[in-house]
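Written out below as structure tokens is the structure these notes cover.
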Amino acid sequence: MGFKKTVFQLHKILGLVTGAIVFVVAITGCCWAFRDEIESLYDDYKYVTPQDRAFITPTEAKTIALSVFPNNTVHGTIFKQPNEAVEVIFYDGEPEFYQSVFLNPYSGEVIQVDDHLSGFFAFILKGHMRLWLPKDIGENIVGASILIFLLIIISGFILWWPKKRKNLKQRVTFDWKKTTRWKRKNFDLHTVVGFYVAFLAFIIAFTGSVISYNWLKYVVYMSTGGDKVPAFITPENVSNSPSDAYAVKPIDFLIEKLRKESPEAVSYELHYPESDTTSIYIEVANSRGLYYNSDYRFFDQNTLEEIETPAIYGKYKDAKVPDKILRMNYDIHVGAIGGIVGKIIAFLVSLTIASLPVTGGLLWYGRKYKNKAKI
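Per UniProt numbering, the very first residue in the sequence shown carries number 1; after that it's consecutive.
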């Protein structure tokens, strides 16, 4: 069997095995692309009238929110702009619980409770990440299928490449006439469209695989020359006991401290220490809708002394090129790295990816079950 025939068999078998999964992941990716823009159309409850008074403290926000869900775990609290509500996020893995309590930042009044595991976009995300299957099963199936899809893209490009240069034009254009049969049109839709989308499809699939697999994240980071830890690490305290300098909990001074240090920041997401020895972690978001350029800062919970982390997730100004590449991975995956234009591109590429298993399946069906007439 020749090389291209072997590649063709590989391309066909892998495509048939993963086609339905790739279709679901791609279609749900399309729906997810403009989630922020769509949700902004009905999120008036997230805004308040600014007042000339101090925000509630992190301790007060946590206490108030726990009165709503006393048996669940507070993941963190997001303090935003003077006209935006404070968001207290609850998350538990088993059983899965993910909700937010929105508070008036001045009075502490509960404005609304959002369940992140219900609604349209929650449904879309579950399909995208795990095909609506149990988490451990679905995530493994999706992760493996997207790795296989990378092989399908490579094998597809090998098959696309014509033996003779004079045949190149018909591989990059739709040369359809009135007499062109639907089988030929379907073939062109699969090959020509596949060629044009291959590069961006590979990027989206590869960045998705990096999200799924820590070993791949490590490989990418080390291969680009990284010298830190490609993981998220919350350092331990450097002190053993609270300082006498604070009459109230030190954590309640942090938000105002950071507002003065980073006044242009969009939000400050504070994570409460998990134990007496763990530092306070705060994510300072410097851009709306982007994650890669956030500052991840850690403070001793007793003295508020800032602590450096050995991981790539620290202050953005200290990030080297390999750190930035890995930190940009999610923003690249969803297209947010390019703003609204990037999201449009991600949407169109995902939609096109979803078409490839369909046209490929029709090609297989036509060859296997229909008369093998010339295209």
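We put the CB at the ideal spot given by N, CA and C, even for glycine.
Open item on the list: Is the separation between the beta-carbon of residue 301 and that of residue 237 shorter than 8 Å?
Closed with: Yes, they are a contact pair.
TODO: Take the Cβ of residue 71 as the centre, count every other Cβ of all protein chains shown within 10 Å, and call the residue buried at 16 or more, exposed below.
DONE: Exposed, because fewer than 16 other Cβ atoms sit within 10 Å of the Cβ of residue 71.
Open item on the list: I need the boundaries of the beta strand (DSSP E) containing residue 75, first residue and last residue.
Closed with: Counting along the chain, the unbroken beta strand (DSSP E) around residue 75 starts and ends at 74-79.
Task: Inter-residue Cα distance where the pair is residue 123 and residue 41 - done: Taking C-alpha positions only, residue 123 is separated from residue 41 by approximately 19 Å.
TODO: Write down every uninterrupted run of the alpha helix (DSSP H) in the region 225-265 whose length is 4 residues or greater and which is fully enclosed by it, in chain order.
DONE: Counting whole runs of 4 or more residues, the region 225-265 contains the alpha helix (DSSP H) stretches 254-261.
Task: Cβ contact (3+ pairs, closer than 8 Å) linking the region 47-59 and the region 76-84 - done: The answer is yes - the region 76-84 touches the region 47-59, with three or more Cβ pairs under 8 Å.
Open item on the list: Assess contact between the region 249-258 and the region 295-310, defined as three or more Cβ pairs (one per stretch) separated by less than 8 Å. Is contact present?
Closed with: With a cut-off of 8 Å, the region 295-310 and the region 249-258 count as touching, because enough Cβ pairs lie within range.
Open item on the list: So the candidates are 368, 367, 354 and 366; which of them puts its Cα closest to the Cα of residue 18?
Closed with: The residue with the shortest Cα to Cα distance from residue 18 is 354.
- [ ] Provide the residue span of the alpha helix (DSSP H) that contains residue 11, from first to last.
- [x] Where residue 11 is concerned, the enclosing alpha helix (DSSP H) starts and stops at 3-33.
- [ ] Quick one: grab the DSSP three-state call for residue 107.
- [x] Three-state DSSP puts residue 107 in coil, outside helix and strand.
- [ ] Within 10 angstroms of the Cβ of residue 196, are there 16 or more other Cβ atoms? Answer buried if so, exposed if not.
- [x] Exposed, since its Cβ has fewer than 16 Cβ neighbours within 10 Å.
TODO: Consult DSSP for residue 429 and reduce its assignment to one of helix, strand or coil.
DONE: The question about residue 429 has no answer here: the residues shown for the chain are numbered 1 through 375.
Task: Contact belief for residue 138 with residue 131 at Cβ below 8 Å, rounded distance in angstroms - done: That pair is a contact at about 5 Å.
- [ ] Assuming residue 29 and residue 116 form a contact by the criterion Cβ under 8 Å, report the distance between their Cβ atoms to the nearest whole angstrom.
- [x] That belief does not hold up - the Cβ atoms of residue 29 and residue 116 are roughly 18 Å apart, past 8 Å.
Open item on the list: Out of 229, 183 and 151, which one is the CA nearest neighbour of residue 201?
Closed with: Closest by alpha carbon: 151.
TODO: Mind checking which residues open and close the beta strand (DSSP E) that includes residue 299?
DONE: That run of the beta strand (DSSP E) goes 295-299.
Open item on the list: Please report the straight-line C-alpha distance between residue 11 and residue 154, rounded to a whole angstrom.
Closed with: Going by the C-alpha atoms only, they are around 9 Å apart.
- [ ] Specify, as a first and last residue, the run of the alpha helix (DSSP H) that residue 202 falls within.
- [x] Looking at the DSSP string, the run of the alpha helix (DSSP H) that includes residue 202 is 182-212.
- [ ] From the DSSP output, in three-state form, read off residue 91 for me.
- [x] In this structure, residue 91 counts as strand in the three-state DSSP scheme.
Task: Cα-Cα separation, residue 212 to residue 206 - done: Rounded to whole angstroms, residue 212 to residue 206 spans 10 Å at the Cα level.
Open item on the list: As a quick exercise: from 119, 332, 141 and 344, pick the residue whose alpha carbon is nearest that of residue 380.
Closed with: Here the chain comprises residues numbered 1 to 375, so residue 380 is not present and cannot be evaluated.
TODO: Return the CA-CA distance between residue 280 and residue 133, expressed in angstroms with no decimal places.
DONE: Separation of residue 280 and residue 133 (C-alpha to C-alpha, rounded to the nearest whole angstrom) is 35 Å.
TODO: Compare the Cα-Cα distances from residue 294 to each of 308, 114 and 317 and report the closest residue.
DONE: For residue 294, the closest of 308, 114 and 317 by C-alpha to C-alpha distance is 317.
- [ ] Compare the Cα-Cα distances from residue 98 to each of 141, 74 and 352 and report the closest residue.
- [x] For the options 141, 74 and 352, the alpha carbon positioned closest to that of residue 98 is the one of 74.
Task: Limits of the beta strand (DSSP E) - the one that residue 312 falls within - done: According to the DSSP assignment, residue 312 belongs to no beta strand (DSSP E), since it is labelled neither H nor E.
Task: Inter-residue Cα distance where the pair is residue 14 and residue 144 - done: Approximately 11 Å between the Cα atoms of the pair.
Open item on the list: Please determine whether the Cβ atom of residue 68 lies at a distance below 7 Å from any heavy atom of the ligand SAH.
Closed with: The ligand SAH is not part of the structure shown, which contains no ligands of any sort.
Open item on the list: At the level of alpha carbons, what is the spacing between residue 350 and residue 311?
Closed with: Cα to Cα, residue 350 sits roughly 32 Å from residue 311.
Task: Minimum C-alpha distance to residue 55 - residue among 175, 87, 183 and 364 - done: Out of 175, 87, 183 and 364, 87 has the C-alpha closest to the C-alpha of residue 55.
- [ ] Please list, in chain order, all residues of the same chain as residue 313 whose beta carbon is under 6 Å from its beta carbon, the five residues on each side excluded.
- [x] Closer than 6 Å at Cβ, skipping near neighbours: 232 and 296.
- [ ] Mark residue 167 as exposed unless 16 or more other C-beta atoms lie within 10 angstroms of its C-beta, in which case mark it buried.
- [x] By the neighbour-count rule (16 or more Cβ atoms within 10 Å), residue 167 is not buried but exposed.
Open item on the list: Along the chain, where does the alpha helix (DSSP H) containing residue 154 start, and where does it finish?
Closed with: It spans 135-160 - the alpha helix (DSSP H) in which residue 154 sits, taken as one unbroken run.
Task: Limits of the unbroken beta strand (DSSP E) element including residue 284 - done: Run containing residue 284: 280-285, per the beta strand (DSSP E) assignment.
Task: DSSP state of residue 272 mapped onto helix, strand, coil - done: Looking at residue 272 - three-state DSSP - the assignment turns out to be coil, as it is neither helix nor strand.
Open item on the list: Suppose the cutoff is 7 Å on Cβ atoms and the five residues either side in sequence are ignored; what does the same chain contact list for residue 291 look like?
Closed with: Excluding residues within five positions, the ones whose Cβ falls inside 7 Å are 330 and 331.
- [ ] Would you identify the three-state DSSP class for residue 318, choosing helix, strand or coil?
- [x] Residue state, collapsed to three classes: helix.
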